Amino acid sequence: MRYFLASARPILEDLAGTLAFYFLYLATGSAQLAAAIGLAIGVLQVAVHVLRRQPVPVLLLMGVALTAALGTMTFFTHDARFMLLKPSIIYAAIGTTMLPRGWVTRYVPEIARELLPQSTFDRVGWGWAALTLGTALLNIVLVATLAPKRAALCFAIWAIASKLALFGGQYTVLRLRAGRAYRSRIAQAPAP
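In terms of the numbering used here, the sequence shown opens at residue 5 and continues consecutively.
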């Protein structure tokens with residue numbers, strides 16, 4: 005469980021402001037309030053990194069900038085579609101950065117990196133890239149074809165469920181493969 009939580013934490017941190025926007029928008033119906041609180045969460049996250057003298061992740065900075073720009077458009081037009089398109093921009097950018105080999109190893113415990121070949125992590129990374137780019141496209145279709153609240157609900161369900169399913173599947177497969185590799189390594193070790 006410790007490895008699972010350590011792997012999930014960066015993902016949840018990256019999505020905090022966007023998830024807050026969706027849940028608040030669905031709960032209150034106010035795109036302005038949801039955008040303001042989503043932006044506040046993002047600014048708070050940046051402040052925490054700065055105060056701790058940690059590098060601020062580029063993804064976090066991009067999310068805050070997009071929330072500020074699209075949130076302003078949402079605020080003045082009273083049209084939630086601007087904020088609802090934010091995830092598509094972020095997902096397209098993230099999906100593109102997930103295409104090179106090796107990116108996923110940051111999220112994998114050291115023991116798994118020792119036991120499994122890099123090609124395993126490359127395939128996992130490409131699976132995430134495909135899901136992320138597909139989610140960006142799906143969101144555009146939802147925003148273009150559904151009422152804003154319905155689009156937000158559909159996207160929120162898909163975004164959470166698809167990532168949990170892929171993460172859970174990835175975690176289970178990697179854990180099983182690492183366990184087999186570990187047992188094989190122990191079996192091949194010379195007897196004392």
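The C-beta atom is built at its ideal place from N, Cα and C for all residues, glycine as well.
Fair warning: this is a prediction, and the values are worked out from it, not measured in the lab.
- As the crow flies, the alpha-carbon of Thr176 is around 45 Å from that of Thr81.
- Between the alpha carbons of Ala160 and Val60 lies a distance of about 26 Å.
- DSSP places Met102 outside both helix and strand once states are collapsed to three, so it counts as coil.
- Annotation: Phe171 to Asp83 spans about 33 Å, alpha carbon to alpha carbon.
- Where Ala116 is concerned, the enclosing alpha helix (DSSP H) starts and stops at Glu114 to Leu119.
- Counting along the chain, the unbroken alpha helix (DSSP H) around Tyr175 starts and ends at Pro152 to Gln192.
- The count of Cβ pairs closer than 8 Å, one atom from the segment 140-155 and one from the segment 104-116, stays below three, leaving the stretches out of contact.
- Classified as exposed, Ser123 has fewer than 16 neighbouring CB atoms from the shown chains inside 10 Å of its CB.
- DSSP, reduced to helix, strand and coil, places Arg56 outside both helices and strands of the structure shown, so it counts as coil.
- Rounded to the nearest whole angstrom, the C-alpha separation of Ser92 and Ala20 is 16 Å.
- Per DSSP, the continuous alpha helix (DSSP H) segment holding Gly138 begins and ends at Gln122 to Thr149.
- Contact fails between the segment 73-80 and the segment 49-56, because fewer than three Cβ pairs, one in each stretch, are under 8 Å apart.
- Contact between Ala156 and Tyr26 holds: CB atoms are separated by about 6 Å, below the 8 Å threshold.
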